[in-house]
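Below is one structure; the comments refer to it alone.
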Amino acid sequence: MGERPTVLVIGAGIGGLTAALAVARAGFDIVICERAAELSELGAGIQVSPNAGRVLAELGLDEAIEAAAIEPQAIDVMSGVSGSRITSLPVGAFRSRYGFPYRVIHRADLQSILAAAVRKASDITLLLGTTVEAVLAREGDSFVRLKGPRGEMVQAAAVIGADGVWSSTREQIPGAPGPAPTGRTAWRTVIPRDNVPDGVPANRVGLWLGPHAHLVHYPIAG
0 MGERPTVLVI
10 GAGIGGLTAA
20 LAVARAGFDI
30 VICERAAELS
40 ELGAGIQVSP
50 NAGRVLAELG
60 LDEAIEAAAI
70 EPQAIDVMSG
80 VSGSRITSLP
90 VGAFRSRYGF
100 PYRVIHRADL
110 QSILAAAVRK
120 ASDITLLLGT
130 TVEAVLAREG
140 DSFVRLKGPR
150 GEMVQAAAVI
160 GADGVWSSTR
170 EQIPGAPGPA
180 PTGRTAWRTV
190 IPRDNVPDGV
200 PANRVGLWLG
210 PHAHLVHYPI
220 AG
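FYI, the numbering for the sequence shown is 0 to 221, going by numbering that gives the first Met the number 0.
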């Protein structure tokens, strides 16, 4: 890392890694702090719309994502009450319409692709097993005290909090509101293709709408 201004990114999930790669391209050195000792992504799939795909392509990741993702042909909007199809959205046409496709990918695969790019970047330092103890602002700069294997004070031109809904970075901002519970719960899982009932298309997304809930299913690679 050189003499360029430093930006500290807190959190090495999909958002934090993407932010680090993008900000580095704008002429900053990056330090990423992640409290986990190793990177791992829980959950299931994630949908990558054409505008998100364009951003990832500008970061040089399109080829790797294309190899790991699936490009569905349509989204079928279904009634969760009658089981009938309400409408279909031909997302397979998005590539020609918008210049980038609509894709679905496992979250862990997307994070691995981003992490590999971060590790190759000479202007990005990834610190695992590291937490932020305090963020102190003074004269336009931020001074961040870290706790971990390389506990130190980092001077940064800016701090990006990408550490999730229970963000500790948020606590460092005076008057910042905490997360507001919605009373809703999201359940995610992965089902092996062999266990999927016959009749469920392998190249389409299903969106089932119910009175007080909805269900989304789509194929992912692996």
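Glycine is no exception: its CB is placed at the ideal position from the N, C-alpha and C atoms.
- Here the alpha carbon of G205 sits roughly 6 Å from the alpha carbon of I74.
- In the same chain as A161, and ignoring 5 residues on each side of it, the C-beta atoms closer than 7 Å to its own belong to V8, I9, G10, G12, G14, G15, A18, in chain order.
- Cβ neighbours of E151 within its own chain (closer than 7 Å, five residues either side excluded): L145.
- Taking the Cα positions, F27 is about 6 Å away from T5.
- Selection G91, G44, H213, F99 evaluated against A51 yields F99 as nearest (Cα-Cα).
- Judged by DSSP in its simplified three-state form, S166 adopts coil rather than helix or strand.
- Contact between the segment 104-114 and the segment 67-83 is present, with at least three C-beta pairs closer than 8 Å.
- Beta-carbon to beta-carbon, I190 and V117 are separated by about 31 Å, too far to satisfy the 8 Å threshold.
- S39 carries a coil assignment under DSSP once its states are collapsed to helix, strand and coil.
- The closest CA to that of V134, considering only R106, A107, I104, R169, is found on R169.
- The shortest CA-to-CA distance from A120 to any of E33, V22, A220 is the one to V22.
- In the DSSP assignment, R137 falls outside any alpha helix (DSSP H) and lies within the beta strand (DSSP E) extending over 130-137.
- Assignment of T188 by DSSP, reduced to helix, strand and coil, places it in the coil class.
- Counting along the chain, no beta strand (DSSP E) covers T181, and no H or E run does either.
- The beta carbon of A175 lies closer than 7 Å to those of R169 in the same chain, with the five residues before and after it left out.
- Of all alpha-carbon atoms in H216, T129, P178, the one lying nearest the alpha-carbon of P196 is that of H216.
- Contact check for A43 against R203 fails: the beta carbons are separated by 7 Å or more.
- S39 and I29 have their alpha carbons spaced roughly 21 Å apart.
- When rounded, the separation of the alpha-carbon atoms in S78 and W207 is 6 Å.
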